[in-house]
Amino acid sequence: MLKGRGLLSLWNGVDPDRRAEYDLWHTREHVPERLAIPGMLRARRYHRGEGPLPEFLTLYELEDNAVLASAPYRKLLETPTPWSRNMRLSFRGFFRVGHLAVLSRGGGVGSALMATTFADVSATEGAWDTIADHVLRETAASAVHVLQKDPAVAPVPFTVPAAGAAAYADGGAIMIECYDRNRLADIAGVLEPVLDAQGLATGRAGWTAYDLAYLLDREELPGVVALSRPEA
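Note that the sequence shown covers residues 875 to 1106 in this note's numbering.
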């Protein structure tokens, strides 16, 4: 299950000729500087997205979403390093969402994840728990997360090139973790009829499948070696 009570997701593509640099920057500079902010607990980068949502998905697990209004975090947004400022120019289809967890169930971190977004997370009491129980017992899913957009999270103080992928549908998201990307379609085949029978996640986007590229816990920060790179 997710750590903490808050979650930040960032979705984006990147110019194809900078993908290798993006992975390096994201791993050795971007994620470590974010996790150094008090209240940041764990970061994950997913890649190779196949579906309507962007190619990359980054998740930051937080003590709570107040972290995103803190002075140290806002300083990072407003005064990026030269490398970060330059990389932003190569983002495509970028959007960023602060979430509240309606439900987070399961154990461990799977090597694959599928995600969809939709307009309304409201449900009768216990409905999401029943669905999560069913999916975890009857499929290869290792974790189920149902997320609601937190309107209190302020937007970023910068713009990046738009277009290139479907945007987040204001309301909610479902993320399902698994140990094998090849099993995600089977999980969707079980989950879709259950959602439809309950009248949940209506108008949802098609599922986008991802592979886990990198995971870093805050406790591991002392072991991260800074990259020797001239400032861009």
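Beta carbons: idealized from backbone N, C-alpha and C, even for Gly.
Since we're looking at a predicted model, the values are computed, not measured.
With a 10 Å radius around the Cβ and a threshold of 16 neighbouring Cβ atoms, Ala945 comes out exposed.
Counting other Cβ atoms within 10 Å of its Cβ, Ser978 reaches 16 or more and is therefore classed as buried.
The three-state reading of DSSP puts Thr901 in helix, counting H, G and I together. Per the coordinates, the alpha-carbon of Gly1045 lies some 14 Å from the alpha-carbon of Ser883. In the structure shown, Leu950 adopts helical secondary structure according to DSSP, grouped into three states. As DSSP reads the structure, Leu977 sits in a beta bridge with Val1020. Across the set Ile1061, Arg1055 and Asp1091, the C-alpha of Arg1055 shows the shortest separation from the C-alpha of Gly984. Residue Gly980 holds the alpha-carbon nearest to the alpha-carbon of Ser1016 among Gly980, Arg966, Gly1080 and Ala1087. With fewer than 16 other beta carbons inside 10 angstroms of its own, Val1099 counts as exposed.
DSSP lists Leu931 and Phe969 as the beta-bridge partner residues of Trp885. Spanning the alpha carbons of Ala894 and Gly967 requires a straight line of approximately 18 Å.
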